[in-house]
Amino acid sequence: MKSKHDVLIIGGGPVGLSCAYYLLKSGRRVTLLDANEIGRGSGSGNAGHIVPSHIIPLAAPGVVTSALKWMLDPAHSPFGMKVSLDPNYLSWLLKFVLACSEANVLRSIKPLNDLGQLSAKNFAQIVAEDKFDCAYQEKGLLFLYKTEKAFHDGQHEGEFIQKHGIPVSVYDKAKIHAVEPAALDDVIGGVHFTGDAHLNPAVFLSLLKERVKSMGAELMNGTQVIGFNSANGKVTKIKTTAGDFEAEQIVLAAGALTPSIAEDLKLNIPIQPARGYSTTMSATKTMPSHALILGERRVAVSPMGEVLRFTGRLEVGNYSMEPNPVWIQRIENSAREYLRLDEKLDVKETWAGLRPTTPDGMPIIGKSPQHSNLIFATGHAMLGLSLGPGTGQVVAELLNGQEPAVSLSPMRLDRF
Ligand SMILES: Cc1cc2nc3c(=O)[nH]c(=O)nc-3n(C[C@H](O)[C@H](O)[C@H](O)COP(=O)(O)OP(=O)(O)OC[C@H]3O[C@@H](n4cnc5c(N)ncnc54)[C@H](O)[C@@H]3O)c2cc1C
Numbered sequence: 002m003k004s005k006h007d008v009l010i011i012g013g014g015p016v017g018l019s020c021a022y023y024l025l026k027s028g029r030r031v032t033l034l035d036a037n038e039i040g041r042g043s044g045s046g047n048a049g050h051i052v053p054s055h056i057i058p059l060a061a062p063g064v065v066t067s068a069l070k071w072m073l074d075p076a077h078s079p080f081g082m083k084v085s086l087d088p089n090y091l092s093w094l095l096k097f098v099l100a101c102s103e104a105n106v107l108r109s110i111k112p113l114n115d116l117g118q119l120s121a122k123n124f125a126q127i128v129a130e131d132k133f134d135c136a137y138q139e140k141g142l143l144f145l146y147k148t149e150k151a152f153h154d155g156q157h158e159g160e161f162i163q164k165h166g167i168p169v170s171v172y173d174k175a176k177i178h179a180v181e182p183a184a185l186d187d188v189i190g191g192v193h194f195t196g197d198a199h200l201n202p203a204v205f206l207s208l209l210k211e212r213v214k215s216m217g218a219e220l221m222n223g224t225q226v227i228g229f230n231s232a233n234g235k236v237t238k239i240k241t242t243a244g245d246f247e248a249e250q251i252v253l254a255a256g257a258l259t260p261s262i263a264e265d266l267k268l269n270i271p272i273q274p275a276r277g278y279s280t281t282m283s284a285t286k287t288m289p290s291h292a293l294i295l296g297e298r299r300v301a302v303s304p305m306g307e308v309l310r311f312t313g314r315l316e317v318g319n320y321s322m323e324p325n326p327v328w329i330q331r332i333e334n335s336a337r338e339y340l341r342l343d344e345k346l347d348v349k350e351t352w353a354g355l356r357p358t359t360p361d362g363m364p365i366i367g368k369s370p371q372h373s374n375l376i377f378a379t380g381h382a383m384l385g386l387s388l389g390p391g392t393g394q395v396v397a398e399l400l401n402g403q404e405p406a407v408s409l410s411p412m413r414l415d416r417f
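In our numbering, the protein residues as written are 2 to 417.
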């Protein structure tokens with residue numbers, strides 16, 4: 002048994018690392034465990050988009066119909082799902098379908114907006130104060146469209162989001178080609194969320210890891226949590242492959258694997274993995290000058306200095322982190338439908354990651370209903386990087402008994 006730790010964080014992804022940073026800043030001593038390598042999990046190969054404009058949750062009206070339509074065109078569908086009779090999976094699917102309502106959207110907008118704005122401000126501060134050289138750019142997120150129907154729907158969504166204080170610009174054909182010269186001639190318009198930003202997530206996470214280390218965090222790679230003991234409303238022991246630990250406070254930030262860890266505490270956490278892929282290429286002659294979403298294909302594009310990344314697919318229920326070469330190629334093909342790319346690009350890395358997805362599209366941040374020294378910070382789905390530094394700040398505030406900067410009641414586990 003190791004000596005008692007102050008705060009022990011399980012999971013070194015963007016959420017766990019951000020919690021470590023803000024807890025250390027608040028004067029706590031931090032131990033951060035990861036089953037694999039800190040900073041290299043589902044956060045490292047993602048699109049790197051920092052998107053306070055994403056205030057509409059994944060569970061929204063029309064999503065189920067769109068998903069069914071997409072599945073009729075399997076070679077281009079941005080969406081897929083596992084076929085399984087696993088009761089947890091089926092219960093998650095049912096909850097998701099029921100949450101795809103206007104009421105869920107209206108309930109989620111304020112919490113996502115508040116946490117997104119806080120997080121974007123924190124990113125800018127960390128990058129500036131800690132001098133992080135991670136291809137960070139505040140140039141917004143630009144959606145490109147090739148069809149009138151998708152452009153019209155995109156404008157409509159942009160107008161709705163703008164009503165909630167998010168800056169949005171709509172570009173006609175002439176303007177979109179002036180703003181984004183990498184777009185091919187048949188791109189007819191764009192919607193620009195000008196308050197968004199992007200960066201290279203692997204570089205950011207590696208710099209954040211070094212920063213928390215220099216602030217005094219004890220970092221343990223290859224240390225998998227395999228169970229807990231609890232007594233009198235507290236977690237008393239954390240069992241790992243590197244031995245048992247005791248801690249005053251525990252933060253559970255294990256992404257899509259959080260439910261299997263929490264099972265040992267008899268807690269049911271409704272999270273399913275939503276797998277996606279990325280392919281990172283050498284720079285092309287006409288590099289896109291913005292972070293992009295290719296509207297009809299739902300593929301993300303991220304220029305990151307010397308490299309260019311394409312990201313896509315959302316496959317619910319799959320835990321494997323093997324990149325699928327067929328989808329990697331299709332994602333590149335989609336990018337070629339919108340962008341001026343060199344005929345041959347060198348592939349630097351192909352990757353798969355898991356988005357930890359709740360049925361209502363909102364994260365789970367808050368204290369365990371049954372354990373006074375356990376806090377959850379998980380379920381951020383497609384926004385775990387974007388909402389990381391905001392989550393880190395509110396978790397530190399909650400753990401230190403302060404009023405969190407953002408109301409956490411809509412994010413409690415017991416809403417399910
Ligand atoms: C294709 C794709 C593109 C994306 N693009 C974006 C984007 O542009 N912007 C954005 O904000 N988000 C994006 N995301 C989502 C984002 O990557 C996730 O939301 C984020 O990684 C979740 O962070 P996390 O820290 O909660 O979990 P993770 O990143 O999954 O980290 C959890 C960590 O916990 C560790 N762990 C698991 N089990 C145990 C255990 N038993 N013991 C110890 N450690 C354990 C894991 O090894 C892992 O390192 C994207 C995701 C994908 C797949």
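Note that beta-carbon positions come from the ideal geometry of N, C-alpha and C, so glycine has one too. All of these numbers come straight from a predicted model, not from anything done at the bench.
C-beta contact flag for residue i and residue j at 8 Å
i       : j       : result
Ala-353 : Met-322 : yes
Met-288 : Pro-112 : no
Val-213 : Ile-11  : no
Asp-35  : Asn-222 : yes
Pro-79  : Arg-314 : yes
Gly-389 : Ser-215 : no
Ala-183 : Leu-346 : no
Thr-280 : Val-348 : yes
Leu-386 : Pro-58  : no
Val-188 : Lys-150 : no
Thr-241 : Ile-227 : yes
Ser-19  : Thr-392 : yes
Phe-97  : Ala-60  : yes
Val-407 : Leu-209 : no
Leu-9   : Phe-246 : yes
Gly-196 : Lys-174 : no
Val-169 : Gly-155 : no
Ala-248 : Lys-5   : yes
Ala-68  : Arg-331 : no
Any non-hydrogen atom of ligand 1 closer than 7 Å to residue i Cβ
i       : result
Asn-47  : yes
Asp-35  : yes
Ile-11  : yes
Tyr-320 : no
Val-31  : no
Pro-324 : no
Val-468 : There is no way to answer for residue 468, as the model of the chain reaches only from 2 to 417.
Leu-386 : yes
Met-412 : no
Ser-279 : yes
Ile-262 : yes
Thr-359 : no
Met-383 : yes
Simplified DSSP assignment, three categories, for residue i
i       : result
Ile-435 : Only positions 2 to 417 of the chain appear in this structure, which leaves residue 435 out of reach.
Asp-245 : strand
Ile-376 : strand
Val-192 : strand
Glu-350 : strand
Thr-392 : helix
Tyr-23  : helix
Met-288 : coil
Thr-224 : coil
Lys-444 : Here the chain has residues from 2 to 417 only, and residue 444 is not among them.
Asn-325 : coil
Ile-177 : helix
Tyr-137 : coil
Thr-359 : coil
Gly-17  : helix
Glu-486 : For the chain, the structure presents residues 2 to 417; residue 486 sits outside this window and is missing.
Cβ shell of residue i (< 6 Å), same chain only, five flanking positions each side left out
i       : result
Ser-303 : Ala-48, Gly-49, His-199, Ala-292 and Arg-310
Phe-417 : Pro-271
Reference residue i; option with closest CA among the options
i       : options                               : result
Ser-231 : Gln-225, Ile-57, Thr-358 and Gln-250  : Gln-250
Arg-413 : Leu-375, Leu-384 and Glu-139          : Leu-375
Trp-328 : Gly-385, Gln-273 and Glu-316          : Glu-316
Lys-368 : Arg-356, Gly-234 and Leu-355          : Gly-234
Ile-127 : Glu-404, Gln-394, Leu-409 and Ile-366 : Gln-394
Tyr-22  : Thr-312, Glu-211, Ala-203 and Ala-255 : Glu-211
Gly-296 : Glu-338, Asp-361 and Asn-269          : Glu-338
Pro-260 : Phe-246, Tyr-90, Val-396 and Ala-203  : Tyr-90
Asp-415 : Leu-268, Tyr-137, Val-52 and Val-64   : Leu-268
Met-383 : Ala-129, Asp-361 and Phe-377          : Asp-361
Val-300 : Tyr-137, Ser-373, Leu-142 and Leu-25  : Leu-142
Val-106 : Phe-133, Gly-63, Phe-124 and Gln-118  : Gly-63
Same chain, Cβ closer than 7 Å to residue i, five either side skipped, listed in chain order
i       : result
Leu-342 : Thr-285 and Ala-336
Asn-401 : Ser-27
Asn-319 : Lys-83, Pro-274 and Arg-276
Leu-409 : Ile-366, Gly-367, Val-395 and Leu-399
Contacts around residue i, its chain only, beta-carbon distance under 8 Å, and the 5 residues preceding and following it disregarded
i       : result
Ile-270 : Thr-259, Pro-260, Ala-263, Ile-365, Phe-377, Thr-379, Gly-380 and Leu-414
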